[in-house]
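Protein chains: 2
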Amino acid sequence: MKWTELEAADCSLARALSAVGDRWTLLILRDAFLKVRRFEAFEASLGISRRTLTERLEALVAAGIFERRPYQEKPLRHEYRLTEKGLGLYPALLALIHWGDEWVAGPEGPPVRHRHKGCGQQFRSVISCSECGEPVTARDVIAERRGAAAG
Amino acid sequence: MKWTELEAADCSLARALSAVGDRWTLLILRDAFLKVRRFEAFEASLGISRRTLTERLEALVAAGIFERRPYQEKPLRHEYRLTEKGLGLYPALLALIHWGDEWVAGPEGPPVRHRHKGCGQQFRSVISCSECGEPVTARDVIAERRGAAAG
DNA sequence: CCGAGTCAGTTTACTTTTGGAACTGTATCG
DNA sequence: CGATACAGTTCCAAAAGTAAACTGACTCGG
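The listed protein sequences derive, respectively, from chains A and B.
Counting along the first sequence from 1, when you hit position 10 you're at 10 in UniProt numbering, and nothing is skipped either side.
Counting along the second sequence from 1, when you hit position 4 you're at 4 in UniProt numbering, and nothing is skipped either side.
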């Protein structure tokens with residue numbers, strides 16, 4: 001199977017992954033959420049090869065997750081900024097980070113804490129139900145395929 | 001950079017990705033949450049090459065995300081089941097799926113809907129603050145590095 | 001004006017990973 | 001006995017990734 005085929009799959013996860021389901025891509029997004037915007041800054045922060053970085057940035061722009069916009073002329077230089085679509089990935093990143101905090105953190109605990117501007121507290125992300133507001137785990141959910149019910 | 005180095009990074013996302021940050025791995029997990037457990041079943045469902053599937057399953061077992069347990073003797077056969085650590089990835093998967101639903105679904109809308117056993121309703125996942133319960137977006141969060149504050 | 005430095009890539013040569021198909025080995029079924 | 005099921009393993013070619021050097025527009029200091 002090729003990754004272009006995945007895009008056409010009738011599965012939101014497969015489609016999401018065809019856009020961002022790659023090791024480097026997710027790390028690039030992490031940096032983007034930490035305000036990294038320029039080619040050299042991504043390279044320095046990640047240790048990614050320049051060729052691969054070029055490819056990933058192009059793909060993310062093509063996917064509408066980054067916007068490539070000039071930040072100076074003479075010489076013309078561009079920076080990469082998250083679009084609304086890109087910002088929408090934040091919950092997924094946060095969920096992954098908090099899984100990492102819980103299951104694979106070192107002895108010193110999570111390296112980064114997150115503070116909620118709204119209430120001023122350090123927090124963990126909680127996934128909850130849009131309808132009743134209760135927290136949701138894998139065991140609380142039934143997946144139903146369009147049309148018929150399914151496991 | 002090699003992916004073994006990533007594991008040692010002082011970043012929960014990097015560590016999480018060193019375990020599951022790969023296109024196939026996430027799709028394997030999707031199937032696992034849909035009760036797929038056997039080698040041939042994963043292969044048929046995914047269209048992954050047998051070699052790559054073998055590798056990924058071994059890595060997931062080594063990471064403690066899958067447990068490999070016999071389901072028959074004569075001939076001895078094993079199945080792959082999610083551990084608690086693996087089940088803990090559900091919020092991240094769900095967040096990614098709902099991002100896919102919102103941003104990359106086809107004209108017919110999301111292929112799979114999720115129903116909450118607790119309240120019986122179809123729902124979307126909402127990421128919220130563990131302290132105040134309010135929904136959280138990228139703009140509501142300040143990341144603070146261990147020790148000192150940071151952007 | 002010259003040489004060094006900055007930034008964003010592109011090119012080249014080499015290594016690693018992946019895909020796909022065939023092969024292995026145990027066991028059951030008819 | 002031959003066919004089928006299952007879970008891999010092995011082989012080779014193709015694709016993707018790496019590091020390092022190169023390009024090209026421009027700025028700055030002297």
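Heads up, the beta-carbon is just placed ideally off N, CA and C, and yes, glycines get one too.
Element boundaries [beta strand (DSSP E), containing residue i]
{"i": "ILE142(B)", "result": "141-145"}
{"i": "ARG115(A)", "result": "112-116"}
Residue i - containing alpha helix (DSSP H), residue span
{"i": "residue 176(A)", "result": "With chain A covering 1 to 151 only, the question about residue 176(A) has no answer from this structure."}
{"i": "SER45(B)", "result": "39-46"}
{"i": "VAL126(A)", "result": "No alpha helix (DSSP H) holds VAL126(A); the beta strand (DSSP E) holding it covers 125-129."}
{"i": "VAL20(A)", "result": "12-20"}
{"i": "ALA138(A)", "result": "Looking at the DSSP string, ALA138(A) is not in any alpha helix (DSSP H), and its letter there is neither H nor E."}
{"i": "ALA8(B)", "result": "3-8"}
Own chain residues within Cβ distance below 7 Å of residue i, not counting five before or after
{"i": "ARG37(B)", "result": "GLU79, TYR80 and ARG81"}
{"i": "GLU43(A)", "result": "ARG50 and LEU53"}
{"i": "GLU7(B)", "result": "ARG15 and SER18"}
{"i": "ARG146(B)", "result": "none"}
{"i": "ARG69(B)", "result": "HIS78, GLU79 and ARG81"}
{"i": "ALA9(B)", "result": "ARG15"}
{"i": "VAL136(B)", "result": "ILE127, SER128 and CYS129"}
Cβ distance (whole Å) where residue i is taken to contact residue j below 8 Å
{"i": "SER128(A)", "j": "VAL112(B)", "result": "No, SER128(A) and VAL112(B) are not in contact; Cβ-Cβ is about 19 Å, not under 8 Å."}
{"i": "ALA25(A)", "j": "LEU60(A)", "result": "Ala is not the amino acid found at residue 25(A); the sequence shown has Thr there. About 7 Å separates the two Cβ atoms, so the contact holds."}
{"i": "HIS116(A)", "j": "GLU131(B)", "result": "7 Å"}
{"i": "GLY118(B)", "j": "GLU134(A)", "result": "5 Å"}
{"i": "LEU27(A)", "j": "LEU46(A)", "result": "6 Å"}
{"i": "LEU76(B)", "j": "ALA92(A)", "result": "With 8 Å as the limit, LEU76(B) and ALA92(A) do not qualify as a contact, their Cβ atoms being about 38 Å apart."}
Residues that residue i bridges to, as DSSP identifies them
{"i": "TYR90(B)", "result": "Paired residue(s): none; TYR90(B) is not in a bridge."}
{"i": "PHE66(B)", "result": "LEU82(B)"}
{"i": "GLN122(A)", "result": "ARG115(A)"}
{"i": "ARG51(B)", "result": "Its beta-bridge partners do not exist; DSSP assigns none."}
{"i": "ARG77(A)", "result": "GLN72(A)"}
Cβ neighbours of residue i in the same chain (closer than 8 Å, five flanking residues each side left out)
{"i": "ILE65(B)", "result": "ALA19, VAL20, LEU29, LEU82, THR83, LYS85, GLY86 and LEU89"}
{"i": "PHE123(A)", "result": "HIS114, ARG115 and HIS116"}
{"i": "ARG56(B)", "result": "ASP22, TRP24, THR25, ILE28 and ILE48"}
Other residues of its chain near residue i: CB distance less than 6 Å, five sequence neighbours each side excluded
{"i": "LEU94(A)", "result": "SER125"}
{"i": "ILE48(B)", "result": "TRP24"}
{"i": "VAL101(B)", "result": "Note that residue 101(B) is Asp in the sequence shown here, rather than Val. Result list for ASP101(B): PRO110, in chain order."}
{"i": "ALA63(B)", "result": "ALA19"}
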